[in-house]
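To start, the structure under review is shown below, and the notes come after it.
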Amino acid sequence: MTVEYLVLGIMLVVLGGVQTWLRHGPKGRALRRQQEELARRRAEALVRESGRAGEVNTMSGRTRYGGIPGANRAWTAWTAILGGVSIALGVLLVVLGVLGR
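Residue numbering for the sequence shown follows my numbering, beginning at 609 and increasing consecutively.
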């Protein structure tokens with residue numbers, strides 16, 4: 609069982625590192641800024657076309673995700689911690705594998 613723990617732990621550490629780098633690295637920040645600008649322009653176009661300002665969160669200029677205020681932020685916050693969680697679980701599996709448990 610220790611070999612499986614080591615292999616799975618190393619895979620989790622690598623995948624968590626890649627996910628963290630993609631999210632918080634220079635390309636990830638640029639992509640997020642680009643997506644936020646696109647969402648802002650779409651929200652403005654929606655308001656112009658429909659004339660209903662109630663569908664747009666005026667504080668951030670973004671449309672509400674699924675009609676639930678703040679749902680987009682909750683999803684973003686949840687995915688932001690996944691890299692760290694997978695690294696922590698991977699290190700735990702590696703330690704258990706080395707200890708032979």
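Think of the CB as a built atom: it goes at the ideal place given N, C-alpha and C, for glycine as much as any other residue. All values derive from a computational prediction rather than experimental measurement.
{"Asked": "What does the alpha-carbon distance come out to for the pair TYR613 and ALA688?", "Found": "25 angstroms"}
{"Asked": "Could you give the distance in angstroms between the alpha-carbon of GLN627 and the alpha-carbon of ARG650?", "Found": "28 angstroms"}
{"Asked": "DSSP on ARG709, reduced to helix/strand/coil?", "Found": "coil"}
{"Asked": "Skipping 5 residues on each side, what residues in its chain have a beta carbon closer than 8 angstroms to that of VAL699?", "Found": "GLY617 and VAL621"}
{"Asked": "Tell me the rounded alpha-carbon separation between GLY624 and PRO634.", "Found": "17 angstroms"}
{"Asked": "To the nearest angstrom, how far is it from the Cα of GLU652 to the Cα of ALA638?", "Found": "21 angstroms"}
{"Asked": "How far does the alpha helix (DSSP H) with GLY625 in it reach, from first residue to last?", "Found": "610 to 632"}
{"Asked": "Where ARG641 and SER658 are concerned, what is the direct C-alpha to C-alpha distance, given to the nearest angstrom?", "Found": "26 angstroms"}
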